[in-house]
Amino acid sequence: MPRRDAVRLSALGVATPRRTASAHCARALSGWLVAGLACAPPIAATPYPTAEPPAESEADDGRVPARPPHTAQFGDRQIALQPFVSGFPYGEFSVDLKNEVMFYLEQGSRYTLRRLELGDLNSTSVDLGQGTPVTDIDWSQRGLRAVKYEASRRRTWLLADTGNDERWNLFALEPGTPSLQPVTDTDYIYGFGLSDDESKLAYIGRAGARAPFETCVFVRDLAAGTEKKLICDEPALRFTWGTVQFSPDNRELYVVAQRDGDRARGQIVRLNVAKPDDRPRFVTDREIPRFSPWLLEGWHRGEELVFVADDDGYRNVYVYSRKLDKVRQITRFVDDVTTAALVDEGVFVAHGTPKQTSIEVVDLASGSSAVRASVAGDVTVLDAHGEHIMWAREAPDLVFEAVLSRASRAEQAVELRNRKVVALDEKLVGEVVQCRAEAVEIPTFDVDAATGKQRLLHAFVLHPQSPLPSEETLVMVRAFYGGANEYNRDDQVLCAAGITLISPAVRGSWGFGRSFYALNDKDLGGDEIVDLFHVARWAERRFEVQADRVGVYGRSHGGYATMRAMTFPPETNDRQDSYPFGFGLAEAGFSDIEAFYRASNIPDWVRLEAGDPATPEGKAKLAERSPINHVDRLSAPIFLLHGANDQRVPVAGSRAFAKRAEAAGKRVVYVEVEGQGHHIEGLDRIAAAFQARFDFLASYRNLR
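Mapping to my numbering: the sequence shown position 582 is 942, numbers consecutive.
Set out below in structure tokens:
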């Protein structure tokens, strides 16, 4: 009888298998790949996480000793996960250089929000271990999206949820108390901002857990503690994610919106705080398509708003003059600006592709670059104020470093002086950098219109420092969100297990301009999946392995893409193509696109990527592109992992796919983590999830 091992990880990380493989199933596994028996997992499951080490008397009775805490076993490799998770335990930085303070999470079995006073920026070194806890909350049990400090009242504002369900609301932390005070009670807050004089706070709040939503802009008087509703959106103009920016005189608000709820038609609009009955005024050209413009905090010369948009096909810097009511383009890069911030001498920008990043200080009057330098890896501005910029860098071989730069004028030239203020010690780097990255280009099936030649996909091959023996080689292809020049903890752990990874930027990926990003619009589960097939065949040749040694893996969109790649109808888009992946790991993915659209808090993403289920054509296409409707094509084992509280990609998609695959006699392992959302957090739960992955991979590796 078909079976699956559906394991629920509790809030404490303790798991109890709902079902286990029968003895008959275990004996039959030598013919698993031939007979297609639906036994999951094909070896006895290891408890997640492990218990305390057994007493000495128990170790001699023939039983396998328990693993040390926070380790995962893969074959003869015992991988210590604590260094990966909490060796450098700091993340989610919110830096405020103006007020010389920063907030961040310390991550381990518990996640603690800490605050650190930075002191004199010209001489300071940042010791993250000196930060003090500001709440008694375990943030592995809750989501934290943003932190802002209101210096005049010494009050801290947090955009957070209460149970990893992404029901984002505002909470206030008053000085001298560790208890959060709830301030709003709405279904979702897209963003919020403080006025420069800290007299007002504005936020964009959405009512309704499911579409259609009503989203309104609210303004709070921070001295009086009162709030008013400024304006609500309408179908023709929907408010969305982004910075909420007050004008210097607090008479206007600048926010991001979408025309007709279309993510490809992003706008920056101007709202009149003094006259709420006034219609929103467009800052950007409403006829030009653009994805996700964003505002830089602050104002240039007190009257110019600076923002980043892709009006010319690449993300560039633009300036809007309130006085002239006009926009002018400042930079004309032929690659994307990835991060930017205002400084006294202009705008500090990082731009490039995942292959290479350049940093520049650009004069906002002339558009010329005063300083330019190349940087390996991915750059993120943490904050900027006056002459100072704090930015972070990471790469596949660089976990994290923070740099404090000073852009100042010396005689007639601007100089950028950089000082590293946070870095990891070499011993820890040796423990947690387990991949060696190689940038490659992989040909795919179509012609690049820009070059007239066969399209080449950028990818990183992540070679394990200690690979598996050649006869046991496993290669895993990232299904989506690949090609990034960044450190990825999960990939490094897989490298520690000896597994080779390929991280390709398939069509629809960021980093190569608007045209490439838009290639999968209305084609979700189409040609982006065919790209994966070409990457997999390239991997066969490069590593001299058969298809059954090549797996596919991903989370979120990548979780969907994994399920789709393993159930792909060859006739899709008339490509007549498919690929027999040997196994797959799909995490936090969706399997029924229309059900995802109805249940998710991001339905606009579905309309952009897949189509509109309100039309007969769109509804039919969503059904055709849904992996759950093609489970009969699943011919290899698949592992599913999902947080029970996930509202971005609701858990129902993984549950339904596992149930249907089980009913069809397919090989599926399903792990659900109670109390967790779109990400699995907390050292205990992370270790448990890795052991579940490795048990699945070991069962395939041993019995293929």
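Just so it is clear, CB atoms sit at the ideal spot from N, CA and C, and this is done for glycine as well.
Item: Same chain, Cβ closer than 7 Å to D420, neighbours up to 5 away in sequence not counted; Value: Residue placement at D420 is flagged as unreliable, the pLDDT there being 45, under the threshold of 50; the coordinate-derived value follows with that caveat. No residues qualify anywhere along the chain.
Item: Which listed residue (A617, R958, D1044) has its alpha carbon closest to that of Q627; Value: A617
Item: Distance, G971 Cα to K981 Cα; Value: 8 Å
Item: Close-in-space but distant-in-sequence residues of the same chain around P987 (CB under 6 Å, 5 per side omitted); Value: M923, R924, T927, S951
Item: Beta strand (DSSP E) runs wholly inside the region 909-947, at least 3 long, in chain order; Value: 910-915, 943-947
Item: Contacting residues, own chain, Cβ-Cβ under 6 Å from R580 (five flanking each side not counted); Value: L561, E587
Item: Which of helix, strand or coil DSSP assigns to S960; Value: coil
Item: Cβ neighbour criterion (16 or more within 10 Å) applied to N524; Value: buried
Item: Reduced DSSP category for G790 - H, G, I as helix; E, B as strand; rest coil; Value: helix
Item: Which listed residue (Y674, R646, K683, R675) has its alpha carbon closest to that of L665; Value: K683
Item: For Q852, the first and last residue of its enclosing alpha helix (DSSP H); Value: 849-856
Item: C-alpha distance - A1052 paired with D1006, whole-angstrom precision; Value: 19 Å
Item: Backbone secondary structure at H660 - three-state DSSP; Value: strand
Item: DSSP three-state assignment for A596, whether helix, strand or coil; Value: coil
Item: Boundaries (first-last residue) of the beta strand (DSSP E) holding W870; Value: Looking at the DSSP string, W870 is not in any beta strand (DSSP E), and its letter there is neither H nor E.
Item: Strand pairing of T516, partner residues [DSSP]; Value: Y509, L533
Item: H358 - DSSP class collapsed to helix/strand/coil; Value: With the chain running from 361 to 1064 in the structure shown, residue 358 is simply not present.
Item: Range covered by the alpha helix (DSSP H) that runs through H894; Value: 887-903
Item: Neighbour-count burial assignment, K813, 16 or more Cβ in a 10 Å radius; Value: exposed
Item: Limits of the beta strand (DSSP E) - the one that R1008 falls within; Value: Where R1008 is concerned, there is no enclosing beta strand (DSSP E), given that its DSSP letter is neither H nor E.
Item: Environment of E1022 [buried if 16+ CB atoms lie within 10 Å]; Value: buried
Item: Whole-number beta carbon distance between A700 and F693, since they are thought to touch under 8 Å; Value: Contact doesn't hold; Cβ gap of about 11 Å is too wide.
Item: Three-state secondary structure assigned by DSSP to F453; Value: strand
Item: Close-in-space but distant-in-sequence residues of the same chain around V549 (CB under 8 Å, 5 per side omitted); Value: Rather than Val, the amino acid found at residue 549 in this sequence is Ile. If we look at I549 and ignore the five residues flanking it on each side, its Cβ neighbours are L519, W528, N529, L530, Y563, I564, G565, R566.
Item: Residues near Y939 in its chain [Cβ-Cβ closer than 6 Å; skip 5 each side]; Value: F893, A896
Item: Cβ-based neighbour list, R646, same chain, cut-off 7 Å, excluding 5 preceding and 5 following; Value: R619, Q627
Item: Own chain residues within Cβ distance below 7 Å of H990, not counting five before or after; Value: T927, P929
Item: Closest by C-alpha distance to E705, when choosing among G673, R766, Y680, M750; Value: R766
Item: Buried or exposed by the 16-neighbour rule on C-beta atoms within 10 Å, applied to S539; Value: exposed
Item: First and last residue of the uninterrupted alpha helix (DSSP H) at G971; Value: Segment: none, G971 is in no alpha helix (DSSP H) and carries neither H nor E.
Item: Environment of I591 [buried if 16+ CB atoms lie within 10 Å]; Value: buried
Item: Beta-bridge pairing of G626 - partner residues as DSSP gives them; Value: Q618
Item: Cβ contact check for the region 452-464 and the region 1019-1033: 3 or more pairs under 8 Å; Value: no
Item: E954 versus G1013: straight-line alpha-carbon distance, rounded; Value: 10 Å
Item: Span separating the alpha-carbon of A415 from that of A783; Value: Any reading at A415 must be qualified, since the residue scores a pLDDT of 42, below 50, and its modelled position is unreliable; the value itself is stated next. Straight-line Cα distance between these residues: approximately 40 Å.
Item: Beta carbon of R1008 nearer than 8 Å to that of E574; Value: no
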